[in-house]
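Residue numbers (the working numbering), protein chains in the order written: chain A, 136 to 797; chain B, 639 to 787.
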């Protein structure tokens with residue numbers, strides 16, 4: 136009965152979304168306040184309905200109700216409680232329900248906090264948001280009903296895919312979805328602006344914080360996914376240029392571009408039309424990602440059991456939203472007021488350069504990801520596009536961008552002076568050169584690219600620090616007064632610097648972990664020692680062990696450095712009982728920012744076992760850098776100017792009453 | 639700078655960046671594509687030496703031989719033709735005799751496929767789509783269940 140209640144709540148949510156799609160927009164076009172006022176309460180009620188239905192599904196998982204098909208296929212009574220909970224979205228139907236939940240949550244946020252927006256803009260935005268939620272709730276109800284029942288429920292379920300039985304499942308999908316779906320708001324804002332035919336100051340003010348929010352979560356989600364794949368799949372790699380990874384990278388690249396163009400729009404009222412297009416692109420790429428991952432076009436860990444009707448349905452949604460919004464753009468964008476031009480050497484110019492490189496890189500990833508699918512569909516020829524393609528295209532496009540990053544924030548708006556800007560970066564440049572030379576000296580001349588890469592990373596990091604130091608004028612006014620200026624810096628300045636610093640940190644991790652990694656593959660018997668990067672790994676033997684829903688063979692290794700004990704590592708091979716599926720559990724020892732990575736291969740029967748050992752210098756910087764970027768985003772959102780900022784109607788009121796309460 | 643010059647600089651820079659991105663993509667597509675081949679494809683049309691390909695098929699029953707230093711050799715078949723594969727490294731969890739596999743590498747002059755990666759599968763029922771289709775072409779495909787997964 137409870138389960139049917141959840142299903143019914145979802146149907147109600149669909150009906151409410153239809154109301155939200157039509158009535159407020161009608162009101163906005165007919166200038167009827169009562170119709171427009173429908174938007175906010177309906178968006179909040181839709182959210183409550185979907186939340187109810189999500190709670191019902193969660194309850195079915197926690198109580199192991201195997202009369203629900205979805206629970207039967209993806210759960211098991213012996214599964215640890217935390218995976219019963221995260222298992223709710225560890226399958227196609229549940230993960231789409233989470234997707235929709237986050238979508239309507241964002242709608243409710245706009246409904247709730249959008250009070251200072253112009254009425255018609257808020258109504259139109261919520262209407263567009265209503266179209267998206269109606270489309271995806273219909274998708275759930277029609278092709279992926281999570282509440283389908285089984286006539287004669289068996290006593291035991293089929294268990295969750297063992298690879299997903301990890302704490303990563305609790306973190307990665309929600310973060311990633313908040314990122315993906317968060318861009319729906321900027322999309323709805325952009326489409327609303329096109330429908331209403333104007334972009335005012337309020338519009339510009341609103342786009343940036345929402346983009347920042349979605350972008351920060353997407354950054355964390357991608358980083359978490361990368362770290363999860365790194366330790367769970369046992370291949371020791373952190374990025375594979377796999378199509379599902381690219382599916383998340385594309386909206387990230389477009390979103391990063393959007394973030395930067397929104398700054399120009401907000402401050403200088405330029406690049407408006409381009410920003411609208413980017414907002415449409417970013418969410419379109421999020422939808423494309425959802426399609427690639429959920430439709431079964433690609434076989435991967437993300438493709439749960441597939442059903443062709445689902446693929447066709449998502450494709451239809453994709454065509455409707457992307458095609459529709461681009462058509463609307465082509466029709467209405469020329470009518471929007473153009474922003475002003477600016478000198479090529481200026482903050483705006485630097486941001487345009489950033490956009491050029493990011494969108495080109497995004498296009499390269501797009502081609503590499505979709506060309507094999509396209510070729511297969513058209514000619515039937517099977518090809519694969521792997522890391523070499525992306526290294527050759529994505530890499531060269533990122534290098535000039537990274538070189539330019541430190542210049543952007545030190546250039547002034549409108550008309551910048553490149554010479555003056557460079558003078559502020561002398562120290563950063565010197566440090567970068569020093570580090571390059573140092574790396575050369577450390578590793579010899581046989582590696583050319585890696586030391587340059589280290590130099591580039593240091594350049595970006597030091598550039599970010601230099602930017603803050605110039606802002607507080609440390610050289611002109613001395614450290615003590617500079618410190619008080621430091622505290623007074625606006626959040627967005629801190630955010631920019633932190634995010635750029637994070638980029639440098641990630642690049643440093645990527646360069647060192649790829650170039651200076653050491654790897655040893657060996658067959659070991661008890662007592663054997665493997666030498667790697669100054670560590671001695673002694674294999675003490677393997678022993679069986681039982682877990683709640685798996686059995687495993689655990690290898691025991693003692694790690695020493697120069698004879699001194701460092702750590703014990705226990706990599707294992709597991710077999711999950713319900714599915715009889717084996718998995719590899721890598722063991723990782725972290726020293727400083729570097730990691731020793733140990734994964735077990737096939738057992739040879741006579742006590743011998745294959746083992747793969749990596750030493751990955753500074754690899755954790757890759758993910759730490761992403762966390763710093765996301766923190767930068769958060770600090771930037773917290774900037775008072777963004778929240779207090781003056782949307783048009785508020786400003787009018789302000790001029791009437793000169794001292795408004797904040 | 640006049641308005642016109644500013645606009646020209648902007649369009650010029652955009653043109654240069656986009657053109658170089660386009661050039662890079664075309665060059666990489668020409669150079670870095672890896673084609674999928676079955677053992678029969680390899681037997682019928684010899685490849686230029688050093689050409690990377692993806693080889694897919696079934697791991698022949700009883701063909702897996704492990705030697706020390708984590709080296710392994712096995713044969714991949716599509717029921718018409720068979721090719722020997724050597725690989726040094728750790729095989730994915732779901733690598734089994736009689737099951738589908740996709741490996742990437744080059745064919746040595748001696749006709750042995752030297753793989754540098756053996757693709758991991760995430761699901762026990764999963765046969766790589768390419769392998770399923772190659773087997774269908776050879777008329778050795780039974781059961782539609784695995785193809786749906």
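Where is the CB? At the ideal position from N, CA and C, for every residue including glycine.
Inset, instruction - Take the Cβ of residue 576 of chain A as the centre, count every other Cβ of all protein chains shown within 10 Å, and call the residue buried at 16 or more, exposed below. - result: Position 441 of the first chain, counted from the first residue, corresponds to residue 576 of chain A. The residue is exposed, with fewer than 16 neighbouring Cβ atoms inside 10 Å.
Legend entry - residue 248 of chain A burial status per 10 Å Cβ neighbour count (16 or more: buried): The count along the first chain starts at 1 and reaches residue 248 of chain A at position 113. Counting Cβ neighbours within 10 Å, residue 248 of chain A comes out exposed, since fewer than 16 surround it.
Inset, instruction - Taking residue 663 of chain B as the query, report the chain E residues whose CB atoms sit under 7 Å from its CB, ordered along the chain. - result: The structure shown contains no chain E; its protein chains are A and B.
Legend entry - Per-residue contacts from residue 655 of chain B into chain A (C-beta, under 7 Å): By 1-based counting over the second chain, the position of residue 655 of chain B is 17. Simply 491, 492 and 495.
Legend entry - Against chain B: residues of the segment 718-739 of chain A by CB proximity under 7 Å: 718, 719, 734, 736, 737 and 739
Legend entry - Cβ-Cβ distance between residue 251 of chain A and residue 226 of chain A below 8 Å: Taking the first residue of the first chain as position 1, residue 251 of chain A is located at position 116. Taking the first residue of the first chain as position 1, residue 226 of chain A is located at position 91. Not closer than 8 Å, so no.
Legend entry - Reduced DSSP category for residue 672 of chain A - H, G, I as helix; E, B as strand; rest coil: The residue given as residue 672 of chain A occupies position 537 in the first chain. Strand, per DSSP.
Legend entry - Length at least 4, wholly inside the segment 325-385 of chain A: the alpha helix (DSSP H) runs in chain order: 336-367
Inset, instruction - Let me know if residue 380 of chain A comes out buried or exposed under the rule of 16 or more other beta-carbons within 10 Å of its beta-carbon. - result: Residue mapping note: residue 380 of chain A aligns to position 245 of the first chain, counting from 1. By the neighbour-count rule (16 or more Cβ atoms within 10 Å), residue 380 of chain A is buried.
Legend entry - Beta-carbon neighbours of residue 731 of chain B, restricted to chain A and to distances below 7 Å: Locating residue 731 of chain B in the second chain gives position 93, counting from the first residue. Correct list: 717, 718 and 719.
Inset, instruction - State the Cα-Cα distance for the pair residue 470 of chain A and residue 339 of chain A, rounded to the nearest angstrom. - result: If you number the first chain from 1, residue 470 of chain A lands on position 335. If you number the first chain from 1, residue 339 of chain A lands on position 204. About 17 Å.
Inset, instruction - Pull up the distance between the alpha-carbon of residue 643 of chain A and that of residue 751 of chain B, whole angstroms please. - result: Indexing the first chain from 1 puts residue 643 of chain A at position 508. Indexing the second chain from 1 puts residue 751 of chain B at position 113. Taking the straight line from one Cα to the other gives about 36 Å.
Legend entry - Enclosing alpha helix (DSSP H) for residue 754 of chain B [first to last residue]: Numbered from 1 along the second chain, position 116 holds the residue referred to as residue 754 of chain B. Residue 754 of chain B -> not in any alpha helix (DSSP H); beta strand (DSSP E) instead, spanning 751-756.
Legend entry - Closer than 8 Å to chain B by CB, residue 532 of chain A: To locate residue 532 of chain A, count along the first chain from 1; it is residue 397. Yes, residue 532 of chain A lies at the interface with chain B (some Cβ there is under 8 Å from its Cβ).
Inset, instruction - Assign residue 257 of chain A to one of three DSSP states: helix, strand, or coil. - result: Along the first chain, one-based indexing puts residue 257 of chain A at 122. DSSP places residue 257 of chain A in helix when its eight states are reduced to three.
Legend entry - DSSP state of residue 80 of chain A mapped onto helix, strand, coil: This structure gives no information on residue 80 of chain A, because the portion of chain A shown stretches from 136 to 797.
Legend entry - Beta-carbon contacts of residue 772 of chain A that lie in its chain and below 7 Å, excluding the five residues immediately before and after: In the first chain, counting from the first residue as 1, residue 772 of chain A sits at position 637. Same-chain partners within the cutoff: 344, 347 and 348.
Legend entry - Contact under 8 Å by Cβ, residue 267 of chain A with residue 149 of chain A: Counting from one through the first chain, the residue named residue 267 of chain A turns up at place 132. Counting from one through the first chain, the residue named residue 149 of chain A turns up at place 14. No; because the gap between Cβ atoms is not below 8 Å, this pair is not in contact.
Inset, instruction - Would you tell me roughly how many angstroms separate the C-alpha atoms of residue 519 of chain A and residue 530 of chain A, rounded to the nearest one? - result: Here residue 519 of chain A refers to the residue found at position 384 of the first chain. Here residue 530 of chain A refers to the residue found at position 395 of the first chain. Using only the alpha carbons, I get a separation of about 19 Å.
Inset, instruction - Using a cut-off of 9 Å between C-beta atoms, extract the partners of residue 727 of chain B located in chain A. - result: The residue you call residue 727 of chain B lines up with position 89 of the second chain. Ordered by position in chain A, the residues that pass the 9 Å Cβ test against residue 727 of chain B are 656, 736, 745 and 747.
Inset, instruction - Below 7 Å CB to CB, which residues in the same chain sit around residue 279 of chain A once its five sequence neighbours on both sides are set aside? - result: Position 144 of the first chain, counting from 1, holds the residue named residue 279 of chain A. Contacts found: 227, 228, 231 and 445.
Inset, instruction - Could you name the residues of chain A that residue 670 of chain B contacts, counting a contact when the two beta carbons are closer than 8 Å? - result: For the purposes of this step, residue 670 of chain B is taken as the residue at position 32 of the second chain. Result: 520, 521, 523, 524 and 527.
Inset, instruction - State the beta-bridge partners of residue 720 of chain A as determined by DSSP. - result: The residue labelled residue 720 of chain A in the question sits at position 585 within the first chain. Answer by DSSP bridge pairing, in chain order: A:707.
Inset, instruction - Tell me whether residue 711 of chain B sits in a helix, a strand or coil according to DSSP, three-state version. - result: For the purposes of this step, residue 711 of chain B is identified with residue 73 of the second chain, where counting begins at 1. Of the three classes helix, strand and coil, the one that applies to residue 711 of chain B here is strand, per DSSP.
Inset, instruction - Please determine, among A:157, A:224, A:265 and A:223, the residue with the shortest C-alpha to C-alpha distance to residue 178 of chain A. - result: Taking the first chain and counting its residues from 1, the one referred to as residue 178 of chain A is at position 43. Of A:157, A:224, A:265 and A:223, the residue nearest in Cα terms is A:265.
Legend entry - residue 352 of chain A beta carbon less than 8 Å from that of residue 414 of chain A: Counted from its first residue, the first chain places residue 414 of chain A at position 279. Counted from its first residue, the first chain places residue 352 of chain A at position 217. Their beta carbons are not under 8 Å apart, which means residue 414 of chain A does not touch residue 352 of chain A by this criterion.
Legend entry - Residues of its chain near residue 747 of chain A, where Cβ-Cβ distance is below 6 Å and the 5 sequence neighbours each way are ignored: Locating residue 747 of chain A in the first chain gives position 612, counting from the first residue. Taken in chain order, the residues that qualify are 656 and 734.
Inset, instruction - Kindly indicate which three-state DSSP category residue 692 of chain A falls into: helix, strand or coil? - result: The residue labelled residue 692 of chain A in the question sits at position 557 within the first chain. If DSSP states are grouped into helix, strand and coil, residue 692 of chain A belongs with the strands.
Inset, instruction - For my contact list, residue 676 of chain B and residue 706 of chain B are in at a C-beta cut-off of 8 Å; report their separation, rounded to the angstrom. - result: Mapped onto the second chain, residue 676 of chain B falls at position 38. Mapped onto the second chain, residue 706 of chain B falls at position 68. So it is not a contact: roughly 31 Å between Cβ atoms.
Inset, instruction - To the nearest angstrom, report how far apart residue 562 of chain A and residue 397 of chain A are at their CA atoms. - result: Locating residue 562 of chain A in the first chain gives position 427, where the first residue counts as 1. Locating residue 397 of chain A in the first chain gives position 262, where the first residue counts as 1. Straight-line Cα distance between these residues: approximately 30 Å.
Inset, instruction - Assuming residue 152 of chain A contacts residue 269 of chain A (C-beta within less than 8 Å), just tell me the rounded distance between them. - result: Taking the first residue of the first chain as position 1, residue 152 of chain A is located at position 17. Taking the first residue of the first chain as position 1, residue 269 of chain A is located at position 134. Yes, they are in contact, since the Cβ atoms of residue 152 of chain A and residue 269 of chain A sit about 4 Å apart, within 8 Å.
Inset, instruction - Mind reading off the beta-carbon distance from residue 332 of chain A to residue 467 of chain A? Whole number of angstroms is fine, and I expect it under 8 Å. - result: Here the question's residue 332 of chain A lines up with position 197 in the first chain. Here the question's residue 467 of chain A lines up with position 332 in the first chain. Yes, they are in contact, since the Cβ atoms of residue 332 of chain A and residue 467 of chain A sit about 6 Å apart, within 8 Å.
Inset, instruction - Would you verify that the beta carbon of residue 569 of chain A is, or is not, closer than 8 Å to some beta carbon of chain B? - result: Locating residue 569 of chain A in the first chain gives position 434, counting from the first residue. False, the Cβ-Cβ gap to chain B never drops below 8 Å.
Legend entry - Closer than 8 Å at the beta carbon, the chain B residues around residue 506 of chain A: Start at 1 with the first residue of the first chain, and residue 506 of chain A comes out as number 371. 667, listed in chain order.
Legend entry - Residue closest to residue 201 of chain A, alpha-carbon to alpha-carbon, out of A:292, A:218 and A:495: Taking the first residue of the first chain as 1, we reach residue 201 of chain A at position 66. Among A:292, A:218 and A:495, the Cα nearest to that of residue 201 of chain A belongs to A:292.
Inset, instruction - Give a yes or no on whether 8 Å exceeds the smallest Cβ distance from residue 539 of chain A to chain B. - result: Along the first chain, read from residue 1 onward, the residue named residue 539 of chain A stands at position 404. For residue 539 of chain A, the answer is no, since every Cβ of chain B falls outside 8 Å of its Cβ.
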